[in-house]
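Be aware that the sequence shown starts at 1, since it is given in the UniProt record's numbering, and climbs by one per residue.
Virtual Cβ for every residue (Gly too), placed ideally from N, Cα, C.
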Amino acid sequence: MKAALTLSPRTLSTNTSSIVIVYTLMPNQEDTQPGNSDSAKQTDGSEQWPPWIGECRERRIASRCRHDLHQSASPHTPWCPQCILQAAQVNFTQAQDSFLAEGAMSRLYPLRDASWNKARLRYTAAARRLENAHKGDQRRVCRERGWDKTHVSACSSAANKLLKLTHSANFVDYNSNSSEPYHAYPSITTEIPLVVDLGIRKDTAWWERPQAPDTKSKTSQSPHAKPRRSHKRHKGSLIMRKWIRERRTVYQAEEAQRRNREQRYITEAAIRRKHHLENNQYDPGFWDTPISAVIMRNHFQEVQQIRRMQERAARGGKLRSRLPRSSLSSVESVDDLDQMEVEIMRALDEAEEMEKLAKKVAGEVGYLYFVGIDEAKWKSDYMESNYALVERKRLQQIEATVGRVLTG
1 MKAALTLSPR TLSTNTSSIV IVYTLMPNQE DTQPGNSDSA KQTDGSEQWP
51 PWIGECRERR IASRCRHDLH QSASPHTPWC PQCILQAAQV NFTQAQDSFL
101 AEGAMSRLYP LRDASWNKAR LRYTAAARRL ENAHKGDQRR VCRERGWDKT
151 HVSACSSAAN KLLKLTHSAN FVDYNSNSSE PYHAYPSITT EIPLVVDLGI
201 RKDTAWWERP QAPDTKSKTS QSPHAKPRRS HKRHKGSLIM RKWIRERRTV
251 YQAEEAQRRN REQRYITEAA IRRKHHLENN QYDPGFWDTP ISAVIMRNHF
301 QEVQQIRRMQ ERAARGGKLR SRLPRSSLSS VESVDDLDQM EVEIMRALDE
351 AEEMEKLAKK VAGEVGYLYF VGIDEAKWKS DYMESNYALV ERKRLQQIEA
401 TVGRVLTG
């Protein structure tokens, strides 16, 4: 007849510095089977803690994702490590896709606008968060391994103390066909609570100590803990407040219309001055979104092309007549020219220059002597202006020189 002993803890409660564990002593049938001499090792050689170690501890669950956590985790942990890594990976994938859609680093530098820069910053931040998540997960694994080794050694020392209490052992005859265990003492068949003083380690966190406050129950807040906010009561007449509110709304609407109207006038004046538009009436909404410069340029080129085609059709398809050749093209040097021709050309150039200057000053003289309220009078004043007012003596000398050259 063989005897085997297994400690099966079921409940755990704390009371000051002692831990009360309720044990049921049952036969260990796995020890009699071949190949199961070391139950703490897996077949692949990896380390596996005994199953009763996890039953002694309190189950930790994430407060947001509701997944299981390690025993060393805080009771208020919102997300489990798997959810944190998955969220970081999803965020990195989305940021990478958006950055690739913008062209990534292969996009030309002049084409990198604000949307590209925003996608780049998002991709960089997501990659950094993913790297930090992986580093934090590695540190978490190392921390949990050290925690497990420390607590397994403590539980093993407690189990060794309990193994010495053989008075409540159950003996089983494995050679017999009976499935019921044979109890050496029938009076100890019930569960017996055993108190084991494990002590408190110095490196135990404050929330794991027996005197730590209960973190499961929420503290009830007093109804008068927060000061009551006194609502600001409006003073004055309700009718006046309503009237002021309405007038303020109307004033803001009028101000918005005035600003839009001023901006429309500025745009209209600039476009009319740039493209030499006449005083034609246009829809007021046209000046809010005027035609772009590209469309205006294309329209100008089309008008020029149509004008050239019409002129060519009027000439009968012939080319335009060229300007006559200059007299200088038939001579090799300036000395070959006749002195009379040189004087005539100089007089004509001076007369042409003087005429341009006279027209300019004549317009100014017309504006200086603008008379009346009729806007059409300045044209008659301009046409009646005397060119001799510019420089009378020099003009007379030029006329005398030209007349003398022509006469002989």
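Residue 275 is a Cβ neighbour of residue 296, given a cutoff of 8 Å. Note on geometry: alpha-carbon atoms of residue 230 and residue 244 lie some 25 Å from one another. Bounds of the alpha helix (DSSP H) holding residue 240 are 238-275. Ranking 310, 130, 325 by CA distance to the CA of residue 318 puts 310 first. Take the alpha-carbon of residue 271 and the one of residue 258: they are about 20 Å apart.
Take the alpha-carbon of residue 147 and the one of residue 88: they are about 26 Å apart. Remark: three or more beta-carbon pairs, one from each stretch, lie closer than 8 Å, so the segment 281-290 and the segment 248-267 are flagged as touching.
Taking all protein chains in view, the Cβ of residue 92 is crowded by 16 or more other Cβ atoms within 10 Å, so the residue is classified as buried. The segment 98-111 and the segment 68-77 do not touch, with fewer than 3 CB-CB distances between them shorter than 8 Å. Taking the CA atoms as reference points, residue 251 sits about 22 Å from residue 236. C-alpha of residue 116 to C-alpha of residue 102: approximately 6 Å in a straight line. Residue 207 and residue 71 have their C-alpha atoms some 12 Å from each other.
By the criterion of a C-beta distance shorter than 8 Å, residue 143 is surrounded in its chain by 72, once the five residues flanking it on both sides are discounted. Annotated three-state conformation of residue 348 is helix, per DSSP. Shown here, residue 130 sits in a helix according to DSSP, grouped into three states. For secondary structure counted as the alpha helix (DSSP H) over 4 or more consecutive residues, the segment 270-318 holds these complete runs in sequence order: 293-314.
The straight-line gap separating the alpha-carbon atoms of residue 82 and residue 145 is approximately 17 Å.
Comparing C-alpha distances from residue 204 to each of 278, 96, 151 shows the shortest one belongs to 151. For residue 93, the enclosing alpha helix (DSSP H) starts and ends at 81-101. An exposed status is given to residue 300, since fewer than 16 other beta-carbon atoms sit within 10 Å of its beta-carbon.
Here DSSP, grouped into helix, strand and coil, assigns residue 113 to coil. Distance from the Cα of residue 86 is smallest, within the candidate group 130, 348, 149, 254, for 130. Residue state for residue 108 is assigned as coil, using DSSP reduced to three classes.
Here the alpha carbon of residue 66 sits roughly 47 Å from the alpha carbon of residue 233. Rounded to whole angstroms, the separation of the alpha carbons of residue 282 and residue 292 is 16 Å.
Excluding its 5 nearest sequence neighbours in each direction, residue 126 has C-beta neighbours in its own chain below 7 Å: 91, 92, 95, listed in chain order.
Taking C-alpha positions only, residue 134 is separated from residue 256 by approximately 55 Å. Collapsing the DSSP output to three states places residue 323 in coil.
Residue 121 counts as exposed, since fewer than 16 other beta carbons sit within 10 angstroms of its beta carbon. DSSP places residue 59 in the coil class of the three-state scheme, outside both helix and strand. Counting other Cβ atoms within 10 Å of its Cβ, residue 306 stays below 16 and is therefore classed as exposed.
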